[in-house]
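Below is one structure, written out as structure tokens; comments come after it.
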Amino acid sequence: MKKIFIASDHGGFNLKKNILKYFNKNYLIKDLGPKQNKKSVDYPDFAHKLCKQVAKNKNHVGILVCGSGVGMSIAANKNKGIRAALCYSVKNAKLSRLHNDANVITLGERLIKKTVALKCVESFLKTEFEGGRHIKRIKKI
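Count the sequence shown with the numbering used here and you get residues 32 to 172, in order.
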């Protein structure tokens with residue numbers, strides 16, 4: 032069974048809440064924090080926490096949100112077995128799954144409209160890895 036995890040820092044907190052509100056109707060998403068947006072937090076702490084959960088099973092996926100999406104992407108990709116993709120369009124979210132078998136999507140609250148972010152997450156969650164010629168490339172990572 033596919034498990035979905037989500038986390039943010041203070042810069043991505045509001046978009047994280049919007050994603051939870053929108054997708055909790057059709058998916059069970061586990062929020063790994065932070066639970067409130069009253070103080071600054073360190074994005075690597077939340078990226079690593081989420082990646083530990085995603086790495087436990089090949090069917091697990093994660094959603095990370097910070098101000099730009101870059102910090103979360105960098106931190107996530109330091110974890111073994113994680114292929115995090117910073118997405119800013121539906122097409123790039125879809126291709127991250129189809130060709131790269133990305134298991135974590137990262138988003139930047141300050142750089143993407145909410146409606147586009149929701150569509151990116153939807154595409155990411157619905158798209159399956161294409162396999163084939165892409166497998167040998169994934170193995171090289």
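Here a beta-carbon is modelled for each residue, glycine too, at the ideal position from N, C-alpha and C.
Enumerate in chain order the residues of its own chain whose CB-to-CB distance from ILE143 is below 7 Å, with the five nearest sequence positions on each side excluded.
TYR119
Determine the extent of the beta strand (DSSP E) in which ILE60 is found, giving its start and end residues.
Counting along the chain, ILE60 sits inside the beta strand (DSSP E) bounded by residues 60-62.
If you draw a straight line from the alpha carbon of ARG141 to that of PHE44, how long is it in whole angstroms?
11 Å
Using the Cβ count rule (16 or more neighbours within 10 Å means buried), how would you classify ASP40?
buried
In the DSSP assignment, find the alpha helix (DSSP H) that holds PHE36 and state where it starts and stops.
Element bounds for PHE36: not the alpha helix (DSSP H) but the beta strand (DSSP E), 35-39.
Name the DSSP beta bridge partners of ILE172, please?
Bridge partners of ILE172: none, in fact.
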